[in-house]
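Participant: One structure, as structure tokens, below. Some questions next.
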Ligand code: PNS
């Protein structure tokens with residue numbers, strides 16, 4: 004049984020994230036989505052809300068689990084029994100930093116990182132851009148799962 008850990012801030016989850024999880028669902032026996040509790044930037048959504056949105060978007064799959072984690076990613080990987088960390092790569096601009104993280108994580112734990120190329124149609128997507136477009140009144144319904152679109156609208160209406 005092979006377990007993959009798919010980590011991220013997911014603030015909020017986008018269709019790009021769900022696409023990477025979908026690819027893992029078809030490859031690994033068990034997929035654990037790891038939501039970092041305190042992303043480097045101030046989060047728009049709490050980790051509980053981010054897990055809730057991910058759970059809703061992944062409800063068709065029965066081999067996906069969710070965990071919120073703090074501290075080192077490799078400690079989370081050990082705790083959930085993951086042999087592999089999976090990251091999505093959108094472009095070469097992601098690559099330098101992701102390679103550095105992958106090599107540090109391997110140094111720390113021996114756990115390897117595998118990269119999934121995002122679908123070409125989703126390569127321009129990022130949580131930050133989605134938040135900005137939504138905040139400024141743009142339509143993001145096609146870019147995020149339905150629960151995320153609703154949450155972003157709610158947030159905009161409250162502001
Ligand atoms: O979606 P993101 O913001 O690109 O996810 C980044 C994440 C959560 C994968 C990264 O910040 C991370 O690994 N955080 C855990 C802290 C850690 O292990 N740092 C050392 C990395 S070598």
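In our numbering, the protein residues as written are 4 to 162.
Think of the CB as a built atom: it goes at the ideal place given N, C-alpha and C, for glycine as much as any other residue.
Comparing alpha-carbon positions, which option in 95, 40 and 87 lies nearest residue 32?
Facilitator: In the chain shown, the residue the question calls residue 32 occupies position 29. Comparing Cα positions, the closest option is 87.
Participant: Rounded to whole angstroms, what is the Cα-Cα separation between residue 41 and residue 10?
Facilitator: Here residue 41 is taken as the residue at index 38 of the chain shown, counted from 1. Here residue 10 is taken as the residue at index 7 of the chain shown, counted from 1. Looking at the two C-alpha atoms, the distance is approximately 13 Å.
Participant: Compute the Euclidean distance between the alpha carbons of residue 61 and residue 67, then round it to the nearest angstrom.
Facilitator: On the chain shown, residue 61 is found 58 positions in, with the first residue counted as 1. On the chain shown, residue 67 is found 64 positions in, with the first residue counted as 1. Distance between the alpha carbons of residue 61 and residue 67 is about 7 Å.
Participant: Since residue 52 is in the alpha helix (DSSP H), which residue starts that stretch and which ends it?
Facilitator: By 1-based counting over the chain shown, the position of residue 52 is 49. 50–60 is the extent of the alpha helix (DSSP H) around residue 52.
Participant: For residue 34, is the beta carbon positioned less than 6 Å from some heavy atom of the ligand PNS?
Facilitator: Looking up residue 34 in the chain shown gives position 31. Not under cutoff, so the answer is no.
Participant: Can you list, in chain order, every residue whose CB sits closer than 6 Å to a heavy atom of the ligand PNS?
Facilitator: Result: 10, 11, 12, 39, 42, 75, 76, 104, 107 and 108.
Participant: Considering only the beta carbon of each residue, do residue 77 and residue 111 sit closer than 7 Å?
Facilitator: Residue 77 sits at position 74 when you count from the first residue of the chain shown. Residue 111 sits at position 108 when you count from the first residue of the chain shown. A contact, by the Cβ cut-off of 7 Å.
Participant: Using DSSP's beta-bridge definition, name the partner residues of residue 117.
Facilitator: Taking the chain shown and counting its residues from 1, the one referred to as residue 117 is at position 114. Residue 117 pairs with 89.
Participant: For residue 8, which of helix, strand or coil comes out of DSSP?
Facilitator: As a working mapping, residue 8 is identified with position 5 in the chain shown. Strand, per DSSP.
Participant: Would you mind stating whether residue 102 and residue 17 have Cβ atoms separated by less than 7 Å?
Facilitator: Translated into the one-based positions of the chain shown, residue 102 becomes position 99. Translated into the one-based positions of the chain shown, residue 17 becomes position 14. Cβ atoms of residue 102 and residue 17: not closer than 7 Å.
Participant: Could you check how far apart the C-beta atoms of residue 29 and residue 125 are, in whole angstroms? I think they sit under 8 Å.
Facilitator: Taking the first residue of the chain shown as 1, we reach residue 29 at position 26. Taking the first residue of the chain shown as 1, we reach residue 125 at position 122. Rounded, the Cβ-Cβ distance is 17 Å, inconsistent with contact.
Participant: Can you give me the Cβ contacts of residue 4 inside the same chain, cut-off strictly under 6 Å, excluding the 5 residues immediately before and after it?
Facilitator: The residue you call residue 4 lines up with position 1 of the chain shown. Answer for residue 4: 32, listed in chain order.
Participant: Using 10 angstroms around the beta-carbon of residue 137, count the other beta-carbons present and answer buried if the total reaches 16, otherwise exposed.
Facilitator: Reading the chain shown from its first residue, position 134 is the one you call residue 137. Buried, because 16 or more other Cβ atoms sit within 10 Å of the Cβ of residue 137.
Participant: So, for residue 71: in the same chain, excluding its five sequence neighbours on each side, which residues have a beta-carbon less than 7 Å away from its beta-carbon?
Facilitator: Taking the first residue of the chain shown as position 1, residue 71 is located at position 68. 38, 40, 50 and 54.
Participant: Look at the Cβ atom of residue 120, then the Cβ atom of residue 8, and state whether they are nearer than 7 Å.
Facilitator: Residue numbering aside, residue 120 sits at position 117 when the chain shown is read from its first letter. Residue numbering aside, residue 8 sits at position 5 when the chain shown is read from its first letter. Not a contact, by the Cβ cut-off of 7 Å.
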